[in-house]
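Report on the structure given below.
There are 2 protein chains.
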Amino acid sequence: MRNEPGRFDLEGFLPYQLAVLAARVSRDFARLYSQEFGITIPEWRVIAHIAQAGTVSVREIHARVDMDKSRISRAAGRLEAAGLVVKATSKGDRRLVALSLTKAGWALYTRIVPMAQRYETEVLSRLDPETAQRFRGTIRQLLEEEAV
Amino acid sequence: MRNEPGRFDLEGFLPYQLAVLAARVSRDFARLYSQEFGITIPEWRVIAHIAQAGTVSVREIHARVDMDKSRISRAAGRLEAAGLVVKATSKGDRRLVALSLTKAGWALYTRIVPMAQRYETEVLSRLDPETAQRFRGTIRQLLEEEAV
DNA sequence: AGGATATCGTTGCAGATGCAACGATGTCAA
DNA sequence: TTGACATCGTTGCATCTGCAACGATATCCT
Numbered sequence: 153m154r155n156e157p158g159r160f161d162l163e164g165f166l167p168y169q170l171a172v173l174a175a176r177v178s179r180d181f182a183r184l185y186s187q188e189f190g191i192t193i194p195e196w197r198v199i200a201h202i203a204q205a206g207t208v209s210v211r212e213i214h215a216r217v218d219m220d221k222s223r224i225s226r227a228a229g230r231l232e233a234a235g236l237v238v239k240a241t242s243k244g245d246r247r248l249v250a251l252s253l254t255k256a257g258w259a260l261y262t263r264i265v266p267m268a269q270r271y272e273t274e275v276l277s278r279l280d281p282e283t284a285q286r287f288r289g290t291i292r293q294l295l296e297e298e299a300v
Numbered sequence: 153m154r155n156e157p158g159r160f161d162l163e164g165f166l167p168y169q170l171a172v173l174a175a176r177v178s179r180d181f182a183r184l185y186s187q188e189f190g191i192t193i194p195e196w197r198v199i200a201h202i203a204q205a206g207t208v209s210v211r212e213i214h215a216r217v218d219m220d221k222s223r224i225s226r227a228a229g230r231l232e233a234a235g236l237v238v239k240a241t242s243k244g245d246r247r248l249v250a251l252s253l254t255k256a257g258w259a260l261y262t263r264i265v266p267m268a269q270r271y272e273t274e275v276l277s278r279l280d281p282e283t284a285q286r287f288r289g290t291i292r293q294l295l296e297e298e299a300v
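Residue numbers (our numbering), protein chains in the order written: chain B, 153 to 300; chain H, 153 to 300.
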């Protein structure tokens, strides 16, 4: 089969393959929106999360995404400075930060989403529909099970 | 289907999913060998490439892997300092660096490979064999086509 | 009530990263 | 041969990153 004893093929090694593929895809997509809007990957993720979940705290984003708290915090800081996000102290628990999008933040989000969808479609169009479907399902499964 | 207009689900977004999955897998595996041998991901990749291809230059690694030249160069420097790799000037073209493993480098490699294989098997064991097979094929296909 | 403990977000810090520029070397053409 | 141009690996620099520590706030337990 694939893993003969003594032989090892880095290019066929799953963690390596995943890392390369993910880096390429992320980089390609990031190029699109960073050129257009000047935001980084963590910033895009934060915006997308807020847009999706309404007002969220750093903690909530951290719980769902595999990003360090500090990365989120700094991204939020930059977004606030750019006028895309507002930070407020949460009413209930004053340790929490309530992150929400400004009008400009929503406008940017509204323009990025179609780009994201178009890009995703383009990547998947390289696979026949059934393969694409299966692929997505497998990734989803691995993500669910991996989450310890 | 998945992408309704106006709706957007970050957790279902392919580039995001890939990034999260790849980061988790890489991190988990890296934890194993960094604890044991004190090397980083770029260093492991460099070692694996040299072991596989014999004597290689920074350029060759750069061509095959999606790692910046400087990242490779610095990883090679650290490996040399650790006595795992030897840098020599290539005979034919004196601009090239000829990277090769020392005895200690080979010894380390020989001990990492089984860990890598075991880890890969463990990840794939979460899928039924046919799904795993398909998944690997799809990744391979995307990597081939993506390479522009 | 009040002190021990936990949680949240920020920040300091050391190290890693990508990019561009550089020196060294090689190639090509006149 | 010689000068223009290309290629290779390294390095400077600005930035990003993860980790740990911290202050502020909340919760728990007696």
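Idealized CB from N, CA, C, for every residue including glycine.
Everything numeric in this text was worked out from a predicted model, so none of it was measured.
Within a Cβ cutoff of 7 Å, which residues of the same chain sit near residue i, ignoring the five residues on either side of it in sequence?
i, result
"Leu267 (chain B)", "Residue identity check: residue 267 (chain B) is Met in the sequence provided, not Leu. Around Met267 (chain B): Leu184, Tyr185."
"Val275 (chain H)", "Val177"
"Ala284 (chain H)", "Leu276"
"Val208 (chain B)", "His201, Ile202, Leu251"
Any beta carbon of chain H sitting closer than 8 Å to that of residue i?
i, result
"Val249 (chain B)", "no"
"Asn155 (chain B)", "Because Asn155 (chain B) carries a pLDDT of 45, less than 50, the predicted location of this residue cannot be relied on, and the following value inherits that uncertainty. Yes, its Cβ sits closer than 8 Å to a Cβ of chain H."
"Pro281 (chain B)", "no"
"Gln187 (chain B)", "no"
"Thr290 (chain B)", "yes"
"Asp161 (chain B)", "yes"
"Ser178 (chain B)", "yes"
"Leu294 (chain B)", "yes"
"Leu236 (chain B)", "no"
"Glu274 (chain B)", "no"
"Arg286 (chain B)", "yes"
Beta-carbon of residue i versus every beta-carbon of chain B: anything under 8 Å?
i, result
"Leu184 (chain H)", "no"
"Leu231 (chain H)", "no"
"Ala175 (chain H)", "yes"
"Ser277 (chain H)", "no"
"Val172 (chain H)", "yes"
"Glu195 (chain H)", "no"
"Ala268 (chain H)", "yes"
"Ala200 (chain H)", "yes"
Between residue i and the rest of its own chain, which residues show a CB-CB distance below 8 Å, the 5 nearest in sequence each way excluded?
i, result
"Leu260 (chain B)", "Phe189, Ile191, Ile199, Leu236"
"Arg216 (chain H)", "His201"
"His214 (chain B)", "Asp220, Lys221, Ile224"
"Ala182 (chain H)", "Thr192, Ile193, Trp196"
"Tyr94 (chain H)", "Because chain H is modelled from 153 through 300, residue 94 (chain H) falls outside the range shown and cannot be assessed."
"Thr241 (chain B)", "Leu248, Val249, Ala250"
Do the CB positions of residue i and residue j come within less than 8 Å of each other?
i, j, result
"Arg159 (chain H)", "Arg286 (chain B)", "no"
"Leu248 (chain B)", "Arg211 (chain B)", "yes"
"Lys239 (chain B)", "Glu232 (chain B)", "yes"
"Gln204 (chain H)", "Leu162 (chain B)", "yes"
Within 7 Å: the Cβ of residue i and any heavy atom of the ligand ATP?
i, result
"Arg247 (chain B)", "The ligand ATP is not part of the structure shown, which contains no ligands of any sort."
Which same chain residues end up closer than 6 Å to residue i when comparing Cβ atoms and leaving out the 5 residues on each side of it in sequence?
i, result
"Gly257 (chain B)", "Leu236, Val237"
> Any chance the segment 283 to 294 of chain H sits against the segment 240 to 252 of chain H, with 3 or more Cβ pairs inside 8 Å?
Replying inline: No contact exists between the segment 283 to 294 of chain H and the segment 240 to 252 of chain H.
> Taking a cut of 7 Å between CB atoms, which residues from the segment 252 to 265 of chain H lie near chain B?
Replying inline: Result list: Val265.
>> Can you confirm whether the segment 166 to 182 of chain B touches the segment 167 to 175 of chain H when touching is taken to mean that 3 or more C-beta pairs between the two stretches lie within less than 8 Å?
In response: In this structure the segment 167 to 175 of chain H lies against the segment 166 to 182 of chain B, because at least three pairs of beta carbons, one per stretch, are closer than 8 Å.
> Are the segment 224 to 235 of chain B and the segment 186 to 200 of chain B in contact at 8 Å, needing three or more beta carbon pairs?
Replying inline: Because the criterion of three Cβ pairs below 8 Å is met, the segment 224 to 235 of chain B and the segment 186 to 200 of chain B touch.
> Taking a cut of 8 Å between CB atoms, which residues from the segment 210 to 228 of chain B lie near chain H?
Replying inline: Shown in chain order are the members of the segment 210 to 228 of chain B whose Cβ falls below 8 Å from a Cβ of chain H: Arg216, Val217, Asp218.
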